[in-house]
Amino acid sequence: MAQGKSEVHGCIVCGKPYQVLVAYDAQGNYIASKVMSAGGGEVKGVSRPLVACERHTNEEIERAVNRVYGETLNEEEEA
Ligand SMILES: [Zn+2]
Numbered sequence: 080m081a082q083g084k085s086e087v088h089g090c091i092v093c094g095k096p097y098q099v100l101v102a103y104d105a106q107g108n109y110i111a112s113k114v115m116s117a118g119g120g121e122v123k124g125v126s127r128p129l130v131a132c133e134r135h136t137n138e139e140i141e142r143a144v145n146r147v148y149g150e151t152l153n154e155e156e157e158a
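The opening residue of the sequence shown carries number 80 in my numbering; numbering runs sequentially from there.
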């Protein structure tokens with residue numbers, strides 16, 4: 080059974096906070112997310128809840144995702 084959890088996530092590009100309903104499975108794995116605030120959209124194709132303003136282009140979003148993922152991976156490797 081999926082469980083919806085209300086979380087606040089910042090836009091991947093500009094950091095604007097959005098209220099997001101995030102679904103996890105029983106093991107706590109991310110399934111899907113739905114942006115509840117106006118002007119924001121879910122970033123698809125990633126294995127974690129990510130949001131971006133609808134006004135950003137796909138290219139902007141992709142670049143930001145790559146940048147943030149790189150930082151996240153580095154931090155995890157160094158920890
Ligand atoms: Zn934004």
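All residues carry an ideal CB built from backbone N, CA and C; glycine is no exception.
Here the structure is a predicted model, which is why all the values come from computation and not from measurement.
Item to complete: May I have all residues whose beta carbon comes closer than 5 Å to any heavy atom of ligand 1, sorted in chain order?
Response: 90, 92, 93, 95, 132
Worksheet item: Going straight from the alpha carbon of residue 127 to that of residue 110, what length do you get?
Response: The residue labelled residue 127 in the question sits at position 48 within the sequence shown. The residue labelled residue 110 in the question sits at position 31 within the sequence shown. Taken atom to atom, the span from the alpha-carbon of residue 127 to that of residue 110 is near 8 Å.
Discussion item. Between residue 103 and residue 87, how many whole angstroms is the CB-CB distance? I'm expecting something under 8 Å.
Written reply: Residue numbering aside, residue 103 sits at position 24 when the sequence shown is read from its first letter. Residue numbering aside, residue 87 sits at position 8 when the sequence shown is read from its first letter. Residue 103 to residue 87, Cβ: 16 Å. No contact.
Worksheet item: Below 7 Å between beta carbons: does that hold for residue 112 and residue 101?
Response: Within the sequence shown, the letter at position 33 stands for residue 112. Within the sequence shown, the letter at position 22 stands for residue 101. For residue 112 and residue 101, yes; Cβs fall inside 7 Å.
Worksheet item: If you draw a straight line from the alpha carbon of residue 119 to that of residue 84, how long is it in whole angstroms?
Response: On the sequence shown, position 40 is the one that residue 119 refers to. On the sequence shown, position 5 is the one that residue 84 refers to. For residue 119 and residue 84, the gap between their C-alpha atoms comes out near 17 Å.
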